[in-house]
Amino acid sequence: MGVRNFFPADRMRRWTTPFLPQAPGPEEVLATARLDQQAIGDTREISPGGRTHLKGPIEATPDPETRVEPSRPPRIAHVAYPGAFGKDDEKTAFLSPTSGNDETTATDVWRGLRSRAPARPKTAAIAVFTAGATIALVTLVAFGTVLDQVWLIPPLVASAALVFGAPTLPLAQPRSVIGGQLLAALTGFAVLAVAGSSIWAAAVAGGLALGVTALTRTPHSPAAATATVVVAQQQPLVPFLPILIAATVILVLVGMIVGRSGVTPRYPTYWW
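In my numbering, the protein residues as written are 1 to 272.
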């Protein structure tokens, strides 16, 4: 807070000076008060620990109540393709650093309107993993046609989306794709044996599959749908389970080929 003399020297004798409290804030202190040298005398320093009485009338200009917060770096959202961006495609995914206790400024509101979605991969990477996913799914259809069995079920399409679209995520690794689908199918068969086939039992199977895959460290969200399919459609253990395992292995193998193209991230990140 700065203070200054605002009356002429010949009128200052008739006035008294108010007490000045310490400015609020843990780091804000009053530095010095400069008065007219001829009328008042030497500059007096105001103690930061209390109040100081000055000899002449002064004008106090308090500091703004708003504190200037230190600059905080924005948080960066994790992306599925951390190394597959070009200079033109790179964009910082802004996540507002303010918490619920901080005041929201106009800048925070403006930044909050910006998309928090991850940056778009390079066009070449999109083309490669799209082609890989298509080839893998068509391969499943081809095997099903030759063997006169259904190999392509919706949960496997969702698994392909993870393997090719987000190859660095834990849900897309072989342990989760193969192991998660296997354990979820077994969970579905267990519910089918105990409760039979109904929409209620199918819902229970899907929920239990999530818990089983989490406990076994094989998280794979499409696997919950596999458990539901087993109960809802009363799938036989054979040939459904062997086909499911073979289909997930095909997805992983094609994912490995795409992941070694040099255009997309290397897949898998880990096996076990």
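From the three backbone atoms N, C-alpha and C, an ideal C-beta is built for every residue, glycine too. These numbers come from a predicted model, not from an experiment.
(1) Roughly how many angstroms lie between the CA atoms of valine 146 and leucine 113, to the nearest whole one?
(2) For arginine 114, does the three-state DSSP call read helix, strand or coil?
(3) Can you tell me the Cβ-Cβ gap for leucine 183 and valine 212, rounded? I've got them flagged as a contact below 8 Å.
(4) Quick one: residues in its chain with C-beta nearer than 7 Å to the C-beta of valine 238, no 5 flanking neighbours on either side, listed in chain order?
(5) Which value, in whole angstroms, describes the spacing of the CA atoms of valine 231 and leucine 186?
(6) Just the Cα atoms here: how many angstroms apart are alanine 195 and alanine 201?
(7) Would you mind working out which of Leu215, Ala246, Val163, Val141 sits nearest alanine 172, comparing C-alpha positions?
(8) Which class does glutamine 181 belong to by DSSP, given the choice of helix, strand or coil?
(9) Do you know whose CA, among Thr105, Thr218, Thr226, lies nearest isoleucine 243's CA?
(10) Excluding the 5 residues flanking alanine 224 on each side, which residues of the same chain have their C-beta closer than 7 Å to its C-beta?
(11) Keeping to the same chain, check which residues put their C-beta closer than 7 Å to that of alanine 136; ignore five residues upstream and five downstream.
(12) Count the other C-beta atoms from every protein chain shown that fall within 10 angstroms of the C-beta of leucine 215, then say buried if there are 16 or more, exposed otherwise.
(13) What is the DSSP secondary structure of alanine 23, reduced to helix, strand or coil?
(14) Check whether the Cβ atoms of proline 155 and valine 229 lie closer than 8 Å to each other.
(15) May I ask you to report which of helix, strand or coil DSSP gives glycine 262?
(16) Since proline 167 contacts tyrosine 267 with CB under 8 Å, what's their CB separation in whole angstroms?
(17) Take the Cβ of valine 141 as the centre, count every other Cβ of all protein chains shown within 10 Å, and call the residue buried at 16 or more, exposed below.
(18) For glycine 262 and alanine 124, what's the separation of their Cα atoms in angstroms?
(19) From Val258, Ala133, Pro222, Ile153, pick the residue whose C-alpha is nearest to that of serine 176; which is it?
(20) What residue from Gly180, Pro219, Ala131 has the CA that sits closest to glycine 165's CA?
(21) Decide if valine 258 is buried, meaning its Cβ has at least 16 other Cβ atoms within 10 Å, or exposed.
(22) Nearest to glutamine 181 by CA position, among Ala193, Ala190, Thr218, Ser198, is which residue?
(23) State the Cα-Cα distance for the pair proline 121 and valine 191, rounded to the nearest angstrom.
(24) If you draw a straight line from the alpha carbon of isoleucine 245 to that of threonine 105, how long is it in whole angstroms?
Let's see:
(1) Looking up residue 146 in the sequence shown gives position 146. Looking up residue 113 in the sequence shown gives position 113. Rounded to whole angstroms, valine 146 to leucine 113 spans 52 Å at the Cα level.
(2) Your numbering for residue 114 matches position 114 in the sequence shown. Coil, per DSSP.
(3) For this step, residue 183 is matched to residue 183 along the sequence shown. For this step, residue 212 is matched to residue 212 along the sequence shown. That belief holds up - the Cβ atoms of leucine 183 and valine 212 are roughly 5 Å apart, short of 8 Å.
(4) Here residue 238 corresponds to residue number 238 of the sequence shown, with the count starting at 1. Excluding residues within five positions, none has a Cβ falling inside 7 Å.
(5) Locating residue 231 in the sequence shown gives position 231, counting from the first residue. Locating residue 186 in the sequence shown gives position 186, counting from the first residue. The straight-line gap from Cα to Cα measures roughly 11 Å.
(6) Residue mapping note: residue 195 aligns to position 195 of the sequence shown, counting from 1. Residue mapping note: residue 201 aligns to position 201 of the sequence shown, counting from 1. Going by the C-alpha atoms only, they are around 6 Å apart.
(7) Numbered from its first residue, the sequence shown carries residue 172 at position 172. When only C-alpha atoms are compared, the closest one is Val163.
(8) Counted from its first residue, the sequence shown places residue 181 at position 181. Correct three-state label for glutamine 181: helix.
(9) Within the sequence shown, residue 243 is the residue found at index 243, counting from 1. Per the Cα distances, Thr226.
(10) Position 224 of the sequence shown, counting from 1, holds the residue named residue 224. Excluding residues within five positions, the ones whose Cβ falls inside 7 Å are Ala184, Gly206, Ala209, Leu210.
(11) Counting from one through the sequence shown, the residue named residue 136 turns up at place 136. Once the five neighbours on either side are set aside, the close Cβ partners of alanine 136 are Ala160, Ile250, Leu251, Val254.
(12) The residue given as residue 215 occupies position 215 in the sequence shown. Answer is exposed; the Cβ neighbour count stays below 16.
(13) As a first step, residue 23 is located in the sequence shown; it is residue number 23 there, counting from the start. Here alanine 23 scores only 48 on pLDDT, less than 50, and its place in the model is too uncertain to base an answer on.
(14) Against the sequence shown, residue 155 aligns to sequence position 155. Against the sequence shown, residue 229 aligns to sequence position 229. Cβ distance < 8 Å, so proline 155 and valine 229 count as in contact.
(15) The residue you call residue 262 lines up with position 262 of the sequence shown. Glycine 262: coil per DSSP, three-state reduction.
(16) Translated into the one-based positions of the sequence shown, residue 167 becomes position 167. Translated into the one-based positions of the sequence shown, residue 267 becomes position 267. Confirmed, about 4 Å.
(17) As a position in the sequence shown, residue 141 is number 141, starting the count at 1. The residue in question, valine 141, is exposed, as its Cβ has fewer than 16 Cβ neighbours within 10 Å.
(18) Start at 1 with the first residue of the sequence shown, and residue 262 comes out as number 262. Start at 1 with the first residue of the sequence shown, and residue 124 comes out as number 124. Taking the straight line from one Cα to the other gives about 10 Å.
(19) Walking along the sequence shown from the start, residue 176 turns up at place 176. Nearest of Val258, Ala133, Pro222, Ile153 to serine 176, Cα basis: Pro222.
(20) Along the sequence shown, read from residue 1 onward, the residue named residue 165 stands at position 165. Closest option to glycine 165, Cα to Cα, is Ala131.
(21) Taking the sequence shown and counting its residues from 1, the one referred to as residue 258 is at position 258. With 16 or more Cβ atoms within 10 Å of its Cβ, valine 258 is classed as buried.
(22) Within the sequence shown, residue 181 is the residue found at index 181, counting from 1. Taking only the C-alpha atoms, the option nearest glutamine 181 is Thr218.
(23) By 1-based counting over the sequence shown, the position of residue 121 is 121. By 1-based counting over the sequence shown, the position of residue 191 is 191. The alpha-carbon atoms of proline 121 and valine 191 are separated by roughly 41 Å.
(24) Mapped onto the sequence shown, residue 245 falls at position 245. Mapped onto the sequence shown, residue 105 falls at position 105. Roughly 53 Å separates the two Cα atoms.
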